[in-house]
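Every letter in the sequence shown is one number past the one before it in our numbering, and letter 295, counting from 1, is 500.
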Amino acid sequence: MYGPFYGFRVKPFQLKPDPNFFFGSRGHKRAMAYLEYGLSQREGFIVVTGEVGAGKTTLVRNLFRKLEAEKILAAQIVNTDLESADTLKLVAAAFGLAYENSDKASLLIRLEQFFRQCDQQGKRALLVVDEAQNLSRRTVEELRMLSNFQTDDRSLLQTFLLGQPEFRKTLLSSDMQQLRQRVIATYHLGPMDLSETRSYIEHRLKTAGWCGDPSFEEDAFETIHNHAGGIPRRINALCDRLLLMGCLEKLHNFGSEEVSEVIRDIQQEFEIPITAGASDSDIGSVREEPLSDLESMSTRIARLEDSVVSLVGLLKQILSLGRANKSPPEDKT
């Protein structure tokens, strides 16, 4: 909606992971270096953890773009909240193998044959497991067993495990010793600092075709960083709403005040509404809006009305033009 208003080619702050918007913060560069190091080792497990929305999936998709398809066959699974019995089926499906009505032994034989066929073709298999924090210990053990597929001098399968910080507890538990012995590197992807947050926002805007409209005050970046905590997905969600508000209210500059206004709107959307049976204490706890906020809301409503009027006028012009084009030509005979 706000794309044409600001002249963006694409939406700059979409929530889905997109490697075209990959931003190499210090943390993301180091995590990428660990993944690339893991690839060079051609074996074992690489573990990358990070908070929700830290950019782990975008990191891997950016890595996939660099892979040499003729040398590495990569597959990714994200639905990890499964019974261990279904793990092999999910892995087989990720590599494009048949899995219906197959028992565990059949799946293991099929997977090993597939990995050996890849090796004979000069390729090696890479499995990326996202949301690893949902894996049960038994499921992790099933994945570890797949790493036993080897030739005389190399592994046939390499695995990257991506998960939220709690996965490290699973990894450090006493019954995961065999897996830890096969982990060649681990890295925790932390949040971005204020400077990186600003660079991240400007990077995404420029990638989308930003030419300086809208502009951002210094305090706007600080307010965004404080609210989002340096987490990319939170930054995207906030900036997306900020640009939407700017479009509706015809704003071309954002400061801390505008950002704070959007934050309040988002927070109010997740407040529990007062029901008819609410107690006096519940009602008394509801925050009263200051007069200045009410005045600000009135101004916003007026701007929205102006926008609606403009859109209606534009639609009328389009409809009038359409009718004129459809009217039959005059008979000059």
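Yeah, the Cβ is synthetic: ideal placement off N, Cα and C, and Gly gets one too.
As the structure is a computational prediction, the values presented were derived from the model and not from experiment.
Using a C-beta cut-off of 8 Å, the segment 223-234 makes contact with the segment 395-405, since at least three inter-stretch Cβ pairs fall below that distance. Nearest to E305 by C-alpha distance, out of D291, Q318 and E317, is D291. Here K261 is buried. Its C-beta has 16 or more other C-beta atoms within 10 Å. A280 carries a strand assignment under DSSP once its states are collapsed to helix, strand and coil. Close CB contacts of Y207 within its chain, under the 6 Å cut and outside five residues either way in sequence, are with L448, L449 and C452 (chain order).
Between L394 and G255 the beta-carbon gap is near 3 Å, inside 8 Å, which marks them as a contact. In summary, Y242 is exposed, with fewer than 16 beta-carbon neighbours lying within 10 Å of its beta-carbon over all protein chains present. Between Q322 and L278, the alpha-carbon positions lie close to 12 Å from each other. Under the criterion of beta carbons closer than 8 Å, F459 and A425 qualify as touching, at roughly 5 Å.
The C-beta of F319 has 16 or more other C-beta atoms within 10 Å across all chains shown, which makes the residue buried. Of the residues assessed, P209 falls on the exposed side of the cut-off, its CB having fewer than 16 other CB atoms within 10 angstroms.
The beta carbons of V283 and E336 sit closer together than 9 Å.
Here DSSP, grouped into helix, strand and coil, assigns Q472 to helix.
By alpha-carbon distance to Q355, the top candidate from H430, R247 and Q382 is R247.
Three or more beta-carbon pairs drawn from the segment 426-446 and the segment 212-220 are found closer than 8 Å, and the two stretches are therefore classed as touching. Note that the C-beta distance between T364 and R342 is not below 9 Å. Sorting Q326, D324, S360 and A303 by C-alpha distance to the C-alpha of R315 places A303 at the top. Comparing alpha carbon positions, the residue from T344, S400, F372 and I429 closest to S289 is T344. When the alpha-carbon of N353 is set against those of L384, V252 and D308, the nearest one is in L384. Looking at the DSSP output, A330 bridges to L278 and L362. Under the 10 Å beta carbon count, A238 is surrounded by fewer than 16 other beta carbons and is classified as exposed. Spatial neighbours of V252 in its own chain (CB-CB distance under 7 Å, excluding positions within 5 residues in sequence) are listed in chain order as L366, L376, V388 and T391. Distance from the CA of E422 to the CA of G212, rounded to the nearest whole angstrom, comes to 20 Å.
In the structure shown, G232 falls within a helical segment according to DSSP collapsed to helix, strand and coil.
Minimum Cα-Cα distance from I468 among the listed residues N431, L240, P437 and K455 corresponds to N431.
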